[in-house]
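Which chain is which? The protein sequence lines are L and V, in order.
Residues 9 to 121, numbered by our numbering, are exactly what the first sequence covers, in order.
Residues 103 to 215, numbered by our numbering, are exactly what the second sequence covers, in order.
All residues carry an ideal CB built from backbone N, CA and C; glycine is no exception.
Values in this document were obtained by computation on a predicted structure and should not be read as measured data.
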Amino acid sequence: GNSVTQMEGPVTLSEEAFLTINCTYTATGYPSLFWYVQYPGEGLQLLLKATKADDKGSNKGFEATYRKETTSFHLEKGSVQVSDSAVYFCALRLEGSARQLTFGSGTQLTVLP
Amino acid sequence: EADIYQTPRYLVIGTGKKITLECSQTMGHDKMYWYQQDPGMELHLIHYSYGVNSTEKGDLSSESTVSRIRTEHFPLTLESARPSHTSQYLCASSGGAPRYGYTFGSGTRLTVV
Numbered sequence: 009g010n011s012v013t014q015m016e017g018p019v020t021l022s023e024e025a026f027l028t029i030n031c032t033y034t035a036t037g038y039p040s041l042f043w044y045v046q047y048p049g050e051g052l053q054l055l056l057k058a059t060k061a062d063d064k065g066s067n068k069g070f071e072a073t074y075r076k077e078t079t080s081f082h083l084e085k086g087s088v089q090v091s092d093s094a095v096y097f098c099a100l101r102l103e104g105s106a107r108q109l110t111f112g113s114g115t116q117l118t119v120l121p
Numbered sequence: 103e104a105d106i107y108q109t110p111r112y113l114v115i116g117t118g119k120k121i122t123l124e125c126s127q128t129m130g131h132d133k134m135y136w137y138q139q140d141p142g143m144e145l146h147l148i149h150y151s152y153g154v155n156s157t158e159k160g161d162l163s164s165e166s167t168v169s170r171i172r173t174e175h176f177p178l179t180l181e182s183a184r185p186s187h188t189s190q191y192l193c194a195s196s197g198g199a200p201r202y203g204y205t206f207g208s209g210t211r212l213t214v215v
């Protein structure tokens with residue numbers, strides 16, 4: 009079946025540190041890949057996406073590259089801010105049914121000033 | 103502005119009460135979803151719909167029910183609330199190809215006392 013495995017949290021960093029949150033996937037077919045962010049008390053917001061191999065998604069200083077050979081979509085940011093503190097979800101989506109989005113378990117990020 | 107709305111944002115209710123969580127979207131999306139999010143952050147799909155008069159149960163068994171009488175509206179009902187129903191409930195919608203991902207509402211935080 010399809011699945012997404014995320015780096016376990018929580019992750020605590022100091023402001024301006026480099027961030028990596030690992031995400032690997034298993035899928036039957038060629039999925040689109042997503043990172044969602046959930047700020048405290050809110051729903052999920054789409055952070056970035058990539059729809060085919062070697063695509064790089066980017067937004068708000070975050071980046072992730074679709075690596076088909078390693079089935080990975082790691083999230084990176086060069087210099088985190090306190091306002092980046094949130095929960096980050098990696099997800100994949102395939103064609104074929106209404107239940108298309110498969111989420112990872114989420115990674116809690118806390119950035120300290 | 104196209105968006106997805108959930109009401110109420112917060113609800114505290116007594117055991118045995120009937121409740122309905124509202125979800126509406128203005129994007130004309132055919133697919134809609136309900137997720138339950140536990141304190142550990144993980145998201146569990148409890149219901150989905152791929153059009154009017156179409157509803158299906160998700161991966162996590164739930165005592166709630168849903169209806170889809172209009173494209174834009176996907177309410178979730180609990181006939182008799184219990185403390186075990188205390189959770190965050192997130193509604194989402196999608197339309198078109200997988201590369202577009204989902205749009206989420208802000209969620210309803212339900213507490214049953």
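Query raised in the report: By Cβ distance, which residues of its chain are closer than 6 Å to His146 (chain V), with the 5 residues on each side in sequence left out?
Result: Gln138, Leu162
Query raised in the report: Is the CB of Leu113 (chain V) under 8 Å away from at least one CB in chain L?
Result: no
Query raised in the report: When DSSP labels each residue in this structure, what does Tyr33 (chain L) get in the three-state scheme?
Result: strand
Report task. Within the region 168 to 202 of chain V, note down every full beta strand (DSSP E) run reaching 3 residues or more, in order along the chain. Result -> 178 to 180, 189 to 196
Requested in this report: Starting from Met129 (chain V), trace the beta strand (DSSP E) both ways and give me its first and last residue.
Outcome: Here Met129 (chain V) belongs to no beta strand (DSSP E), and DSSP marks it neither H nor E.
Query - Whether Leu83 (chain L) touches Gly203 (chain V) by CB criterion (8 Å) - result: no
Report task. Identify the contact partners of Phe111 (chain L) in chain V, using a Cβ-Cβ distance below 7 Å as the criterion. Result -> Leu145
Report task. For Tyr204 (chain V), return the contacting residues in chain L, with the cut-off set at a CB-CB distance below 7 Å. Result -> Leu109
Query raised in the report: Which residues in the same chain as Asn67 (chain L) place their Cβ atom closer than 7 Å to its Cβ, once the five residues preceding and following it in sequence are excluded?
Result: Leu55, Leu56
Query - Alpha carbon of Cys193 (chain V) to alpha carbon of His131 (chain V), nearest angstrom - result: 13 Å
Requested in this report: Verify whether the separation of the beta carbon atoms of Thr20 (chain L) and Thr115 (chain L) is less than 8 Å.
Outcome: no
Report task. Taking all protein chains shown into account, decide if Glu61 (chain L) is buried (16 or more other Cβ within 10 angstroms of its Cβ) or exposed. Result -> The amino acid occupying residue 61 (chain L) in the given sequence is Ala; Glu does not appear at that position. Ala61 (chain L) should be labelled exposed.
Requested in this report: Could you work out which residue in L:Glu16, L:Ile29, L:Gly17, L:Thr36 is closest to Gln108 (chain L) when comparing CA atoms only?
Outcome: L:Thr36
Requested in this report: Could you name the residues of chain L that Gly47 (chain V) contacts, counting a contact when the two beta carbons are closer than 8 Å?
Outcome: Outside the modelled stretch of chain V, which goes from 103 to 215, sits residue 47 (chain V), for which no answer is possible.
**Report entry** Residue from L:Ala58, L:Leu120, L:Phe111 whose Cα sits closest to the Cα of Met15 (chain L)
**Finding:** L:Phe111
Report task. List the residues of chain L that Arg184 (chain V) touches, going by C-beta distances under 7 Å, in chain order. Result -> Those within 7 Å of Arg184 (chain V) in chain L number zero; the least Cβ separation is about 24 Å.
Query - Sufficient close CB pairs (3 or more, under 8 Å) joining the region 168 to 179 of chain V to the region 113 to 129 of chain V - result: yes
Report task. State the Cα-Cα distance for the pair Ser218 (chain V) and Leu212 (chain V), rounded to the nearest angstrom. Result -> A query on residue 218 (chain V) cannot be resolved here, the shown segment of chain V reaching from 103 to 215 and no further.
**Report entry** Under 8 Å between C-beta atoms of Thr13 (chain L) and Thr32 (chain L)
**Finding:** yes
Query raised in the report: For the region 64 to 93 of chain L, which residues have a beta carbon sitting closer than 7 Å to at least one beta carbon of chain V?
Result: none
Query raised in the report: Can a CB atom of chain L be found closer than 8 Å to the CB of Leu162 (chain V)?
Result: no
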